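See structure below.
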Amino acid sequence: MAGLRELAEGNAREYLAGRLEVSGGATARSLGGGVSNNVVLVEDGPRRVVLKQSIPRLRVRDEWFADRSRIFREWEAIRALARVLPRGRVPELLFLDEPRYLYAMRAAPCATRAWKTRLLAGECSSDVARLAGGTLGLAIRGTWRRREFRDVFSDTTAFDQLRTDPYYRTVGLRHPRLRPTVEAWIAESSRRQVAMVHGDWSPKNVLVGEGGLVCIDFECAHFGDPSYDAGFMLNHLILKAFRRPDLSPQYFRLARVTFAWTLGMLPSEALDWFEAASVRHLAFLMLARVDGKSPVEYLTLESVRERVRCLALRLIESAPARLEAALATAAESLPPPQP
Numbered sequence: 219m220a221g222l223r224e225l226a227e228g229n230a231r232e233y234l235a236g237r238l239e240v241s242g243g244a245t246a247r248s249l250g251g252g253v254s255n256n257v258v259l260v261e262d263g264p265r266r267v268v269l270k271q272s273i274p275r276l277r278v279r280d281e282w283f284a285d286r287s288r289i290f291r292e293w294e295a296i297r298a299l300a301r302v303l304p305r306g307r308v309p310e311l312l313f314l315d316e317p318r319y320l321y322a323m324r325a326a327p328c329a330t331r332a333w334k335t336r337l338l339a340g341e342c343s344s345d346v347a348r349l350a351g352g353t354l355g356l357a358i359r360g361t362w363r364r365r366e367f368r369d370v371f372s373d374t375t376a377f378d379q380l381r382t383d384p385y386y387r388t389v390g391l392r393h394p395r396l397r398p399t400v401e402a403w404i405a406e407s408s409r410r411q412v413a414m415v416h417g418d419w420s421p422k423n424v425l426v427g428e429g430g431l432v433c434i435d436f437e438c439a440h441f442g443d444p445s446y447d448a449g450f451m452l453n454h455l456i457l458k459a460f461r462r463p464d465l466s467p468q469y470f471r472l473a474r475v476t477f478a479w480t481l482g483m484l485p486s487e488a489l490d491w492f493e494a495a496s497v498r499h500l501a502f503l504m505l506a507r508v509d510g511k512s513p514v515e516y517l518t519l520e521s522v523r524e525r526v527r528c529l530a531l532r533l534i535e536s537a538p539a540r541l542e543a544a545l546a547t548a549a550e551s552l553p554p555p556q557p
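Under the working numbering, think of the first position of the sequence shown as 219, with each following residue one higher.
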């Protein structure tokens with residue numbers, strides 16, 4: 219399809235037929251793609267292919283643009299991490315279409331669901347937490363101070379455009395008294411270039427099925443501070459306790475399990491700083507998910523968002539060095555369970 223500009227349900231089958239053999243019975247369904255991509259699933263009998271295309275202007279209320287070439291970085295990151303992670307933990311890549319900022323990958327099995335979906339439904343499996351935490355730890359250990367990863371993935375443009383600016387710097391703009399603290403932390407974290415960073419390590423990007431886990435969405439991947447990923451995941455697990463206070467003990471347990479399995483995989487030289495740095499990222503990211511450019515969508519009540527905001531500000535100010543201290547403060551801040 220020479221004229222394809224924007225991938226959509228209506229053109230995905232025809233486009234894919236120009237690359238792979240596709241029958242007349244194939245169907246296409248948009249998967250949304252979050253705020254930064256067009257993602258379409260094409261199903262043709264047992265064959266299931268996902269097409270992913272980056273977009274220049276993100277789908278949020280605030281003006282937010284990002285370089286579309288991040289899709290190439292994602293492609294390369296998946297290829298590279300497949301060499302250090304257990305087989306099947308990242309998608310199987312099929313082809314890259316550079317002029318259209320698009321690539322294709324084999325879709326996860328039908329029964330696979332995002333960990334986020336399972337968590338919000340009340341499924342709090344420690345087995346999944348162990349696999350998720352261990353996968354992050356293996357990615358860190360497998361790329362730790364490896365020059366071949368640093369040389370290829372040192373560019374942080376996509377991470378800056380999709381994470382540092384809309385999350386951290388936006389928080390600094392909306393909370394002016396925090397701006398020096400935010401900028402100092404950005405600078406400190408950016409100097410810590412030791413391993414691969416996913417950049418969006420959250421339950422929505424961990425797909426869970428009978429075969430285990432598949433990790434997706436590597437468009438922010440770079441070589442940098444891996445404690446960012448640990449803090450990112452901890453933040454999402456704790457935020458879900460504000461959505462479901464009745465399940466807060468289970469969500470906090472999963473935070474402990476996930477983090478413990480990550481720590482257990484790390485090189486010994488990381489252990490003296492990794493936990494404190496992860497909890498520091500957690501604090502800033504928590505504030506960013508209520509006051510940044512991409513607020514978490516499932517915290518709809520302003521009263522609950524204000525509790526999260528106050529908790530984040532407390533954690534930023536107190537700067538706990540241990541996860542247990544952050545969880546204790548979070549437990550004090552939860553709304554009462556709904557009757």
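Yeah, the Cβ is synthetic: ideal placement off N, Cα and C, and Gly gets one too. All figures in this text were calculated on a predicted structure; none of them were measured in a lab.
Is the beta carbon of V412 sitting closer than 8 Å to the one on P444? The Cβ-Cβ distance between V412 and P444 falls below 8 Å.
Nearest neighbour of V302, chosen from R462, R409, F367, V508 [CA to CA]: Residue F367 is the option with its Cα nearest to V302.
Beta-carbon gap between S420 and H393 smaller than 8 Å: Not a contact, by the Cβ cut-off of 8 Å.
Cβ-Cβ distance between A546 and A459 below 8 Å: Not in contact: A546 and A459 (Cβ atoms no closer than 8 Å).
Relative to the C-alpha of N516, which residue among F313, P274, K422, V497 is closest? The question names Asn, yet the displayed sequence has Tyr at residue 516. Closest by alpha carbon: K422.
Give the DSSP-derived three-state secondary structure of F377 in the structure shown. DSSP, reduced to helix, strand and coil, places F377 within a helical segment of the structure shown.
What does the alpha-carbon distance come out to for the pair T526 and Y386? As written in the sequence, residue 526 is Val, which differs from the Thr given in the question. Cα to Cα, V526 sits roughly 16 Å from Y386.
Beta-carbon proximity check, G351 vs T480, cutoff 8 Å: It is a contact, given that the beta carbons lie within the stated cut-off.
Using 10 angstroms around the beta-carbon of A405, count the other beta-carbons present and answer buried if the total reaches 16, otherwise exposed. Classified as exposed, A405 has fewer than 16 neighbouring CB atoms from the shown chains inside 10 Å of its CB.
Would a C-beta distance cut-off of 8 Å place V260 and A244 closer than the cut-off? Their beta carbons are under 8 Å apart, which means V260 touches A244 by this criterion.
Touching or not, the stretch 227-246 and the stretch 489-502, by the rule of three or more beta carbon pairs under 8 Å? Under the Cβ criterion (8 Å, minimum of three pairs), the stretch 227-246 does not count as touching the stretch 489-502.
Can you give the Cα-Cα distance for P538 and S248, rounded to whole angstroms? Rounded to whole angstroms, P538 to S248 spans 42 Å at the Cα level.
N256 - containing beta strand (DSSP E), residue span: Element bounds for N256: 255-262.
Hey, could you find the ends of the beta strand (DSSP E) D315 is sitting in? It spans 311-315 - the beta strand (DSSP E) in which D315 sits, taken as one unbroken run.
Where does C342 land, buried or exposed, given buried means 16+ other C-beta within 10 angstroms? Result: buried.
Since G442 and V415 should fall inside the 8 Å C-beta cutoff, what is the C-beta to C-beta distance between them, to a whole number of angstroms? Yes, they are in contact, since the Cβ atoms of G442 and V415 sit about 5 Å apart, within 8 Å.
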